[in-house]
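**Q** So the number in this note's numbering is just where the residue sits in the sequence shown, counting from 1, plus 7. Glycine is no exception: its CB is placed at the ideal position from the N, C-alpha and C atoms. In this text the structure is predicted, and so the values were computed from the model without any measurement. Got a structure for you, questions after.
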Amino acid sequence: MIKKIMGFLFAIGIILGGCSTKDYFGKLSEKEIIEFTLEKQIGATIFKGDSIFVQVTDNNLFYLSATRIIVSDYATVSPEVGEKQDFSQPIPYTVYAEDGSNKVYYVVMLRDGDGTSEFQLPNSNFNLWYETTHSTKKYFEIGRDANDKTWGTGNKGIAVALSMGSNADFPSVPHETAPNQYATELTTQNMGALAAGILGGYKGVAAGNVFVGIFEVANLTNAHPVFGYPYTEKPKAFQVDYTYTPAEGLLNGKLKPVDGADKLDMYLILEKREENQIKRLGVAWFRSGEPQTEWKTIEKEIKYAHGDAPEGLEDYEKRVLKYGIDGNLNETNPES
Numbered sequence: 008m009i010k011k012i013m014g015f016l017f018a019i020g021i022i023l024g025g026c027s028t029k030d031y032f033g034k035l036s037e038k039e040i041i042e043f044t045l046e047k048q049i050g051a052t053i054f055k056g057d058s059i060f061v062q063v064t065d066n067n068l069f070y071l072s073a074t075r076i077i078v079s080d081y082a083t084v085s086p087e088v089g090e091k092q093d094f095s096q097p098i099p100y101t102v103y104a105e106d107g108s109n110k111v112y113y114v115v116m117l118r119d120g121d122g123t124s125e126f127q128l129p130n131s132n133f134n135l136w137y138e139t140t141h142s143t144k145k146y147f148e149i150g151r152d153a154n155d156k157t158w159g160t161g162n163k164g165i166a167v168a169l170s171m172g173s174n175a176d177f178p179s180v181p182h183e184t185a186p187n188q189y190a191t192e193l194t195t196q197n198m199g200a201l202a203a204g205i206l207g208g209y210k211g212v213a214a215g216n217v218f219v220g221i222f223e224v225a226n227l228t229n230a231h232p233v234f235g236y237p238y239t240e241k242p243k244a245f246q247v248d249y250t251y252t253p254a255e256g257l258l259n260g261k262l263k264p265v266d267g268a269d270k271l272d273m274y275l276i277l278e279k280r281e282e283n284q285i286k287r288l289g290v291a292w293f294r295s296g297e298p299q300t301e302w303k304t305i306e307k308e309i310k311y312a313h314g315d316a317p318e319g320l321e322d323y324e325k326r327v328l329k330y331g332i333d334g335n336l337n338e339t340n341p342e343s
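This is the structure in structure tokens:
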């Protein structure tokens, strides 16, 4: 199990007899947070996509409330101004447009009391899950709702196999560790003979996984993750709390025994992607086959080398992710 892991608008307004634009064009779909201020905040609020960054000086401040939130015309927001939240993790703020659509922003509190700042991806504590359906199969997916595309699992692909008769469980599920506190439970599944055969693309084994990105499914044999999340900062490390029970023996995709021992992998890879070129900027990788029955915290430093594979990496650490954030299916040598 893994827990906590890491324009320019020109508008012309026309006033016509006191009528609003919605009288002519129906209910509005705009759902933006225009301004956001947190109590005890210092400095300006920073907007980056669906993330909002605010800074406070005291590392011991966590339970705070927004003092000012300005949203699009006729839109509403939840939580509201004055409602205290625990900002030890990113907090989702949902803006509801007049037409009923919504958009989720994540407010990230940066603590700078000791001269350093911390950044977490939204829902990095894995507490948010929602129920969904694919190929008639209900399952839990990580995130606030289907519009939350920060984290993903391979469960959508497993749903296809289960709908075709596979007798297995979903490999990535929420696990409650305390009231309203969750981890992700990852369990490798035997998907059965159909998935292990030619019709199933020899995918008889499904590893439990959780990753930054989304999972795309066309059919049983054409399903893959699209990894990645745009980044603008230079992280130093990732930290994870985990427990682990290795399986006895290994099977390949055809469900045939193979040599080797079960191991877990947890990694963070930073890449620069331009057209068909992929450059490895940094990597932090943790691999272990040792049982871990109690929760253990590990921290892995990111090794940087701009364009080349950093020195001292194992062979498996040099692999380029096959499916990047832009859906590029090319695979190149990270040392090139």
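Is it true that the segment 52 to 71 meets the segment 130 to 146, where meeting means three or more beta-carbon pairs spaced less than 8 Å apart?
**A** no
**Q** By the three-class DSSP mapping on this structure, what secondary structure does Ser85 have?
**A** Ser85: strand per DSSP, three-state reduction.
**Q** With DSSP collapsed to three states, give me the class of Ile165.
**A** helix
**Q** So for Leu206, helix, strand or coil by DSSP?
**A** helix
**Q** What distance in whole Å lies between the Cβ atoms of Tyr113 and Ile59, which are believed to be in contact at a cut-off of 8 Å?
**A** 7 Å
**Q** Mind checking which residues open and close the beta strand (DSSP E) that includes Arg75?
**A** From DSSP, the beta strand (DSSP E) with Arg75 extends over Ala73 to Val78.
**Q** CA-CA distance, Leu35 and Asp322?
**A** 53 Å
**Q** Going by DSSP in three states, Leu45 sits in which element: helix, strand or coil?
**A** strand
**Q** Quick one: what's got a C-beta closer than 6 Å to Gly267's C-beta in the same chain, skipping five residues either side?
**A** Spatial neighbours of Gly267 in its own chain (CB-CB distance under 6 Å, excluding positions within 5 residues in sequence) are listed in chain order as Leu257.
**Q** Just the C-alpha distance for Gly50 and Thr74, rounded to the nearest angstrom, thanks.
**A** 14 Å
**Q** Restricting to Cα atoms, I'd like to know which of Phe245, Leu206, Thr252 and Asp272 is closest to Gly260.
**A** The candidate whose alpha carbon is nearest that of Gly260 is Leu206.
**Q** Take the Cβ of Asp1 as the centre, count every other Cβ of all protein chains shown within 10 Å, and call the residue buried at 16 or more, exposed below.
**A** Residue coverage of the chain in this structure runs from 8 to 343, which leaves residue 1 outside it and unanswerable.
**Q** What does the Cβ neighbour count give for Thr348, buried or exposed, with the cut at 16 atoms within 10 Å?
**A** Outside the modelled stretch of the chain, which goes from 8 to 343, sits residue 348, for which no answer is possible.
**Q** Would you call Glu302 buried or exposed, if buried means 16 or more other Cβ atoms sit within 10 Å of its Cβ?
**A** Looking at the sequence itself, residue 302 is Trp, so the reference to Glu does not match. Classification of Trp302: exposed, given that the 10 Å Cβ count is below 16.
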